[in-house]
Each structure stands twice: as C-alpha cells, then as structure tokens.
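Visitor: Under my numbering, the residue at position 83 of the sequence shown is numbered 84, and the numbers go up by one with no gaps. Let me begin by handing over the structure; questions about it come next.
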Amino acid sequence: MKDDKQFEKDSSAADSSADSVDEYLQTLGNEDARELRYYSQEQPFSADEMTRLVNEERLNKLLAQSDEFLSSLSSEIRDFDEDC
Numbered sequence: 002m003k004d005d006k007q008f009e010k011d012s013s014a015a016d017s018s019a020d021s022v023d024e025y026l027q028t029l030g031n032e033d034a035r036e037l038r039y040y041s042q043e044q045p046f047s048a049d050e051m052t053r054l055v056n057e058e059r060l061n062k063l064l065a066q067s068d069e070f071l072s073s074l075s076s077e078i079r080d081f082d083e084d085c
C-alpha cells in the first residue's frame with residue numbers, strides 16, 4: 002500500500018514535468034505563445050528597488066551623451082540630404 006501511494010506521488014510529479022515539457026515544446030513553434038511565456042516570467046522592479054539600483058549621476062551623463070549624439074546625427078543627416 003505504501004509503495005502504491007509513493008508510486009502515485011512519483012507518477013503525478015512525472016506527469017507534471019511531462020506536461021510542462023509538452024507545453025514548452027508546443028510554444029516553440031508559436032511566436033506569440035513564446036513571447037507571452039517569456040514576458041510572464043519577468044519580475045518587475047519596485048520603485049524602491051529601482052532607486053537603489055540606478056546610479057542617477059551616471060544615468061544623467063548617459064542621457065546627456067545620447068542627446069548630444071542624436072543632435073549631431075540629425076545635423077549629419079540634414080547635411081547629407083542637402084548634398085544629394
């Protein structure tokens with residue numbers, strides 16, 4: 002009897018794993034299902050966690066650099082358009 006209960010317990014665990022593998026394999030061919038599965042595993046940060054993780058000074062420097070880069074890129078594109 003004890004062995005039967007243990008077998009049922011092991012069997013249900015195996016079914017669960019098999020079901021998970023089967024579900025995963027079915028999503029491989031379906032781009033929408035794969036994307037949904039990927040994003041469902043995300044764990045968003047709280048505002049407090051983000052405050053602790055983000056170096057605000059470094060972020061501001063990077064934003065300034067990106068603004069400068071985009072500005073220079075825009076002027077290069079305008080110059081290119083005028084040359085054509």
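The beta-carbon is built from N, C-alpha and C at its ideal position, and this holds for glycine as well.
(1) Quick one: what does DSSP say Q27 is sitting in, helix, strand or coil?
(2) Hey, how far is the Cα of M2 from the Cα of Y39?
(3) Under the three-state reduction of DSSP, which class applies to Q44: helix, strand or coil?
(4) Do L54 and F46 have their C-beta atoms closer together than 8 Å?
(5) Expressed to the nearest angstrom, what Euclidean distance is found between the alpha-carbon atoms of E32 and Q44?
Guide: Let me spell this out:
(1) In the sequence shown, the residue the question calls residue 27 occupies position 26. In this structure, Q27 counts as helix in the three-state DSSP scheme.
(2) Residue 2 sits at position 1 when you count from the first residue of the sequence shown. Residue 39 sits at position 38 when you count from the first residue of the sequence shown. Model confidence at M2 stands at a pLDDT of 47, short of 50, so the residue's coordinates are unreliable; what they give is reported in the following sentence. The alpha-carbon atoms of M2 and Y39 are separated by roughly 42 Å.
(3) Position 43 of the sequence shown holds residue 44. In this structure, Q44 counts as coil in the three-state DSSP scheme.
(4) Along the sequence shown, read from residue 1 onward, the residue named residue 54 stands at position 53. Along the sequence shown, read from residue 1 onward, the residue named residue 46 stands at position 45. In contact: L54 and F46 (Cβ atoms closer than 8 Å).
(5) For the purposes of this step, residue 32 is taken as residue 31 along the sequence shown, with counting starting at 1. For the purposes of this step, residue 44 is taken as residue 43 along the sequence shown, with counting starting at 1. Straight through space, the alpha carbons of Q44 and E32 are spaced by roughly 21 Å.
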